[in-house]
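Number of protein chains: 2
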Amino acid sequence: MPLVNEHYLTLTGAYLFPEIDRRVRAFQAARPDLADRIIRCGIGDVVGPIVPAVARAMHEAIDELADPARFRGYPPANGYEFLRHAIAEHDFRGRGAPIEDDEIFVSDGSKGDCGHVLEILGPDNVVALPDPVYPVYVDTNVMAGRTGPAIDGGGYEGLRTLPATPENEFVPDPPSDRVDIAYLCFPNNPTGATIDHDGLRRWVDWANANESLILFDAAYADFTRDPSLPRSIFEIPEARTCAIEFRSFSKHGAFTGVRCGYTVVPKDLHGRTRGGERIPMHRLWMRRWTTRANGVSWPVQRGAAALYSPEGRSQTEAVIDHYMTNARMLRDGCAALGWHAHGGENAPFVWVACPRCEDSWTFFERILHEAQVVITPGLGFGRLGEGFIRISAFNHRDRILEVVERLRGMC
Amino acid sequence: MPLVNEHYLTLTGAYLFPEIDRRVRAFQAARPDLADRIIRCGIGDVVGPIVPAVARAMHEAIDELADPARFRGYPPANGYEFLRHAIAEHDFRGRGAPIEDDEIFVSDGSKGDCGHVLEILGPDNVVALPDPVYPVYVDTNVMAGRTGPAIDGGGYEGLRTLPATPENEFVPDPPSDRVDIAYLCFPNNPTGATIDHDGLRRWVDWANANESLILFDAAYADFTRDPSLPRSIFEIPEARTCAIEFRSFSKHGAFTGVRCGYTVVPKDLHGRTRGGERIPMHRLWMRRWTTRANGVSWPVQRGAAALYSPEGRSQTEAVIDHYMTNARMLRDGCAALGWHAHGGENAPFVWVACPRCEDSWTFFERILHEAQVVITPGLGFGRLGEGFIRISAFNHRDRILEVVERLRGMC
């Protein structure tokens, strides 16, 4: 019988969102009278729709696939040039971040890329992750055998923690001990925190001084409202020698069901062999994609490119305005209840301290039972997430108003 | 500096098809007068278009995404039930293969899945691969550290070989020594060979007797014309305890640019830990997908489901007829030149012995220079592929006729 990857057996419990789904279904089974009242502010799925510019581009792409003279077969493994160019121009060079078209790798979503990147890295790197953190970073490290066993109360041996707490405004400090790879996420999921240029520069300087790699998740960059804040780590040009960045169209583009994102791997970034040879990470990542996949769907890439057209950008701005107004309403609503609410200003998440010293799953269950609202318990994001909940702003306006109203009714 | 995955450095040369592209570009640069004459019968990309039933379903799906009332966000990690049901019903249960809907996992292509499957398997399995073979199986094993160093002349230490030669009609025998995992591909890429029920039963019996796992690649199953031949390993029901199957919509559905495939993991299939505990592979694979990805694009899944509608099946049959007529013409054309041609009857590839004792890259270059036709050199598929070339039938009819004509002109 073939041997399995036993690291999977180290994983504790189900991945967070399936566990939340299980609890919601259990509630609905126990209280069928309330089953239809559920409002979901948990997983952070968008309510759509895709904007007209995207829909039109995708329709045209399908017409092309249906036309023998314009049919497209296998896409390039790293994405079509027209999309990589639009990305590099608008998201990077237009903001002073020196990124070339061929440093962009288009994929079917940034969640995947966060895990795939471990494939080109060796097993013996010292890895540091924020706490609280997007659980995918942790679980993919466990599955790849980069950790020891689970620790009682949360986390895994072998991973270093970068504490993100109210005391540091949820912006971790660079570690003082040896770390090869550090994950950062700004605007942050789950806390909604942001990092400014000075803060980001401190991290880049630390990484270059220590020859460490920063895995920078900027999936929510487009929700940044404050023009003084960086949207990409490459707005610090020195990050070209120390960072990989992950980006997503899922939320601002309503692409959760369309599936597209991208990863930036600068050609100046190197790793090393045990023998000390410097290896360009760009070469390894390109090899990963040419060997392991066949690129992203043609209509999807055409739809993604339409997000960068003047029409697409204008339509998307309205979507971002909508969600960020939701976020402000949720934050203000929580604050009005005397709850300590963070985030929600440059990120579509509000991070709320549980009142009455409740733990986060208890507060999750109380909100589910009393208000029929699904949020995400902070413990699902790590030990330091305990005592908090995350509320997602991705919903219709009437639902958000109803959530605020129902939360008020709980208190 | 972070340590890289040094197994990538074990890989010899570029992945086959980029290397072919490089040589074609070099020829075009050297002979600009002939650059436009190139006909590609190499990589096996389809010429399209997608059939009308698929185009209509994809258009409708985009209209849904653009409609707030019908928008779809994150898909299920394992694919929508309507698609998994259509697959299980038509490709399996309707052919006597006992596969349930939730044993189907929809993905963005079977090339990806062939590599992903190694993630749930341990590093110390003994792996056997056919020779010649689809290079992705080999390269993904190398990248995952499942081999030793490269061997002069092709291949890697640590991998067992299952010879596929004219003597065994390109159907390898089950190995007599200990093997934990064996790859099989029928209808075969690159040789075009098929396996019958008795042959497949021998493999299933071997795997069950030895508690081995068969990774069965049936990406070309829909090109099987002979109704007596199995299309799935699960037409031998005992394969439920010993096999994983990979399937693709790329070729018969013209989905190379749409991106969709699926993998079948029966719930009766187990692996084991070093300590001897039996672990259901279905559980590991489900965990892989829920943690590492967010499912497949909504319009893509709707398009794939349309392939199973009566209209879609009828339209797709015509596509298959077209390519299989091409394959017969190529095979007959080669045979008329006195070349030994295999395959092409139940698979869209013709496998031709190089005349004049040429090696396969030499014959590749000669066909490129003399006929401006791109084929795939057999050595790219393994040491035992030396002395053969693969010609793909995926082209327009006039191109195939022109290829036959030009090959005749070479001799």
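Residue numbers (the numbering used here), protein chains in the order written: chain A, 393 to 803; chain B, 393 to 803.
Heads up, the beta-carbon is just placed ideally off N, CA and C, and yes, glycines get one too.
Check: What are the boundary residues of the beta strand (DSSP E) that includes I496 (chain B)?; Outcome: 496-499
Check: Report the option in B:S499, B:M716, B:L676 whose CA atom is closest to the CA atom of I479 (chain B).; Outcome: B:S499
Check: Could you name the residues of chain B that Y654 (chain A) contacts, counting a contact when the two beta carbons are closer than 9 Å?; Outcome: Here the premise fails: no neighbours, minimum Cβ distance about 15 Å.
Check: With a cut-off of 8 Å, do at least 3 Cβ pairs link the stretch 640-651 of chain A to the stretch 669-682 of chain A?; Outcome: no
Check: Going by DSSP, name the residue or residues bridged to P394 (chain A).; Outcome: Answer by DSSP bridge pairing: none, since P394 (chain A) is not bridged.
Check: Provide the residue span of the beta strand (DSSP E) that contains A574 (chain B), from first to last.; Outcome: 573-577
Check: Counting only beta-carbon separations shorter than 8 Å, does K503 (chain B) have a partner in chain A?; Outcome: yes
Check: Give the single residue among A:I781, A:L760, A:R791, A:I792 whose Cα lies nearest to the Cα of R414 (chain A).; Outcome: A:L760
Check: Could you tell me which of B:R705, B:E561, B:P522, B:A763 sits nearest to F608 (chain B), measuring between CA atoms?; Outcome: B:P522
Check: Quick one: list the residues of chain B neighbouring E398 (chain A), beta-carbon separation under 8 Å, in chain order.; Outcome: G514, T665, R666
Check: Quick check on S689 (chain B) - is its C-beta less than 8 Å from some C-beta in chain A?; Outcome: yes
Check: When the cut-off is 8 Å and only beta carbons count, does D572 (chain A) lie next to chain B?; Outcome: yes
Check: Mapping the DSSP letters down to three states, classify P672 (chain B) as helix, strand or coil.; Outcome: strand
Check: Taking Cβ to Cβ, would you say A556 (chain B) is nearer than 8 Å to T586 (chain B)?; Outcome: no
Check: Would G440 (chain A) pass as a contact of F474 (chain B) if the rule is Cβ separation under 8 Å?; Outcome: no
Check: Can you grab the Cα-Cα spacing for the pair D569 (chain B) / G514 (chain B), in whole Å?; Outcome: 19 Å
Check: So, under 8 Å CB-CB, F786 (chain B) and Y715 (chain B) are touching, yes? Tell me the CB distance rounded to an integer number of Å.; Outcome: 6 Å
Check: Rank B:T768, B:E511, B:M721, B:A745 by C-alpha distance to the C-alpha of P376 (chain B) and give the top, closest one.; Outcome: Missing from the structure shown is residue 376 (chain B); chain B here goes from 393 to 803 and no further.
Check: Are there three or more Cβ pairs, one per stretch, closer than 8 Å when the stretch 781-796 of chain A is compared with the stretch 527-543 of chain A?; Outcome: no
Check: Could you check whether the stretch 681-697 of chain B touches the stretch 501-510 of chain A, counting it as contact only if at least three pairs of C-beta atoms, one from each stretch, sit closer than 8 Å?; Outcome: yes
Check: Should L395 (chain A) be flagged as near chain B, meaning a C-beta pair shorter than 8 Å?; Outcome: yes
Check: Quick check: the Cα distance between L605 (chain A) and S620 (chain B), rounded to an integer number of angstroms?; Outcome: 56 Å
Check: So G663 (chain A) and P394 (chain B) are in contact, right, with Cβ under 8 Å, and what is the actual spacing, rounded?; Outcome: 5 Å
Check: Give me the Cα-Cα distance between Y472 (chain A) and V656 (chain A), rounded to the nearest whole angstrom.; Outcome: 15 Å
Check: Mind reading off the beta-carbon distance from W753 (chain B) to L729 (chain B)? Whole number of angstroms is fine, and I expect it under 8 Å.; Outcome: Between L729 (chain B) and W753 (chain B) the Cβ distance is about 20 Å, and since that is not below 8 Å, they are no contact.
Check: Under a three-way DSSP split, which group does A613 (chain B) fall into?; Outcome: helix
Check: To which residues does DSSP link L554 (chain B) through a beta bridge?; Outcome: B:P522
Check: I'd like to know whether the C-beta atoms of Y612 (chain A) and P740 (chain A) end up nearer to each other than 8 Å.; Outcome: yes
Check: List the endpoints of the continuous beta strand (DSSP E) containing Y700 (chain B).; Outcome: Note, Y700 (chain B): premise wrong, no beta strand (DSSP E); not H, not E.
Check: Got a sec: which bits of the stretch 462-486 of chain B sit with their beta carbon under 7 Å from any beta carbon on chain A, in order along the chain?; Outcome: F463, R464, G465, Y466, P467
Check: To the nearest angstrom, how far is it from the Cα of R485 (chain B) to the Cα of I491 (chain B)?; Outcome: 6 Å
Check: Would you grab the beta carbon distance between L554 (chain B) and A536 (chain B) for me? Rounded to a whole angstrom, and I think it's under 8 Å.; Outcome: In fact, because the Cβ distance is near 19 Å, the residues do not count as touching under 8 Å.
Check: From the DSSP output, in three-state form, read off H714 (chain A) for me.; Outcome: helix
Check: Determine whether the beta carbon atoms of Q764 (chain A) and I431 (chain A) lie at a separation below 8 Å.; Outcome: yes
Check: Based on Cα-Cα distance, which residue from A:P527, A:G687, A:V650, A:P579 lies nearest to T404 (chain A)?; Outcome: A:P527
Check: Identify the residues that DSSP records as bridge partners of A733 (chain B): which are they?; Outcome: B:V744
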